[in-house]
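Everything below concerns the one structure shown next.
Numbering (my numbering), first residue to last: 21 to 196.
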């Protein structure tokens with residue numbers, strides 16, 4: 021690691037002087053350690069990139085009415101209420117009884133998977149989900165529903181304002 025230079029300097033004889041010893045430290049191990057640390061931190065920062073979901077929102081400036089005609093039989097509406105509870109129904113409000121559910125793999129996820137398969141078997145087309153958060157719901161619930169859409173591979177969904185009829189449904193079951 022370290023060397024000592026004890027050469028006499030090439031002179032013969034003469035006065036006896038104290039020899040100056042030059043010290044030299046070998047830094048090869050330090051360079052290796054530095055490269056290891058650099059590669060470690062580069063790998064950990066590239067492996068732990070934040071994950072974000074792309075969400076396409078309509079343009080706020082345009083006032084055109086864009087409507088999408090989807091059959092009520094292949095439309096599932098999710099209403100977000102208080103206390104991490106959701107209410108959902110298929111079709112139009114008032115024509116089919118709504119069901120209460122919670123978040124998780126045995127709650128909303130299971131419902132989405134079952135309804136997705138049911139709609140595909142009946143119509144041969146994909147299901148369209150309408151997400152309607154209420155004033156009393158929290159942002160975390162909205163993110164959870166969007167995560168469930170990604171987990172269950174449902175690509176056709178929209179986020180819409182809740183109607184007064186649906187607020188009455190939430191109030192009836194104590195979710196508003």
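Just so you know, even glycine gets a beta-carbon here, dropped at the ideal spot from N, CA and C.
Check your understanding: Using a Cβ-Cβ cut-off of 7 Å (strictly less than) and excluding sequence neighbours within five positions of residue 105, which residues of its own chain qualify?
Key -> One-based indexing of the chain shown puts residue 105 at position 85. Here the set comprises 120, 122, 195.
By a C-beta neighbour count over all protein chains shown, 10 Å radius and 16 as the cutoff for buried, is residue 94 buried or exposed? As a first step, residue 94 is located in the chain shown; it is residue number 74 there, counting from the start. Classification of residue 94: buried, given that the 10 Å Cβ count is 16 or more.
Just the Cα atoms here: how many angstroms apart are residue 15 and residue 36?
Not covered by the structure: residue 15. The range shown for the chain is 21 to 196.
Exercise for review: Please list, in chain order, all residues of the same chain as residue 161 whose beta carbon is under 8 Å from its beta carbon, the five residues on each side excluded.
Suggested key: Within the chain shown, numbered from 1, the residue matching residue 161 stands at position 141. If you ignore the 5 residues before and after residue 161, its C-beta comes within less than 8 Å of the C-beta of 100, 104, 106, 123, 153, all in its own chain and listed in chain order.
Supposed close pair residue 148, residue 109 - CB separation, criterion 8 Å: Translated into positions along the chain shown, residue 148 becomes position 128. Translated into positions along the chain shown, residue 109 becomes position 89. Actually they do not touch by this definition, with Cβ atoms about 13 Å apart.
So what does residue 105 bridge to, in DSSP terms?
-> For the purposes of this step, residue 105 is identified with residue 85 of the chain shown, where counting begins at 1. The beta-bridge partner set that DSSP reports for residue 105 consists of 122.
- Of the residues 132, 59, 49, which one's Cα is nearest the Cα of residue 167? By one-based count along the chain shown, residue 167 stands at place 147. Of the candidates 132, 59, 49, 132 places its Cα closest to the Cα of residue 167.
Q. At what residue ranges does the stretch 144-185 contain a whole run of the beta strand (DSSP E), taking only runs of 3 or more?
A. If we require 3 residues or more, the beta strand (DSSP E) runs fully inside the stretch 144-185 come out as 148-153, 177-179.
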